[in-house]
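> Okay, handing you the structure first.
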Amino acid sequence: GSGATPYRVSVQRGGTTVTLGRYATAEEAARVYAATPEGIADLAARDAPPPPPQPQLPSNSELSSSELIRSERSRTGFKGVSKMGSGATPYRVSVQRGGTVVTLGYYST
Numbered sequence: 008g009s010g011a012t013p014y015r016v017s018v019q020r021g022g023t024t025v026t027l028g029r030y031a032t033a034e035e036a037a038r039v040y041a042a043t044p045e046g047i048a049d050l051a052a053r054d055a056p057p058p059p060p061q062p063q064l065p066s067n068s069e070l071s072s073s074e075l076i077r078s079e080r081s082r083t084g085f086k087g088v089s090k091m092g093s094g095a096t097p098y099r100v101s102v103q104r105g106g107t108v109v110t111l112g113y114y115s116t
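The opening residue of the sequence shown carries number 8 in the numbering used here; numbering runs sequentially from there.
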């Protein structure tokens, strides 16, 4: 049974659960896990510095007309902008990311 050693250490390797042993205390089991490649990677990820902040993008009103990307292939005259109708927000802005069209929003102008 597992009465004397109730704490099991296991890791996932190549899609398979590998049991590394059973231990009397959680702390003993945690030390074993921490010494595995998986534990070392977990500690490195935990202790890694946070990613740098993303640069602040200018707001729509801060962009001058010379910074807008024009396109002769688009009916609106701007790359990534298409007119979707005549409602309050007829202009859709979209980009392609990894082969998928991502809609960024709908706008009035």
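For every residue, glycine included, the Cβ atom is placed at its ideal position computed from N, Cα and C.
Please go through the same chain and pick out, in chain order, the residues whose beta-carbon is closer than 6 angstroms to the beta-carbon of residue 51, but skip the five residues on each side of it.
The answer is none, since no qualifying residue turns up.
> Counting only runs of 3+ residues fully inside the segment 28–110, write out the beta strand (DSSP E) ranges in chain order.
88–90 and 98–104
> Using only the alpha-carbon positions, how far apart do residue 112 and residue 63 sit?
18 angstroms
> Please name the residue, chosen from 92, 45 and 116, that lies closest to residue 85 on a Cα-to-Cα basis.
116
> Answer with buried or exposed for residue 114, where buried requires no fewer than 16 other C-beta atoms within 10 angstroms of its C-beta.
exposed
> Exposed or buried, residue 16, counting other C-beta atoms within 10 Å across all chains shown (16 or more means buried)?
Within 10 angstroms of the beta-carbon of residue 16 lie 16 or more other beta-carbons, which makes it buried.
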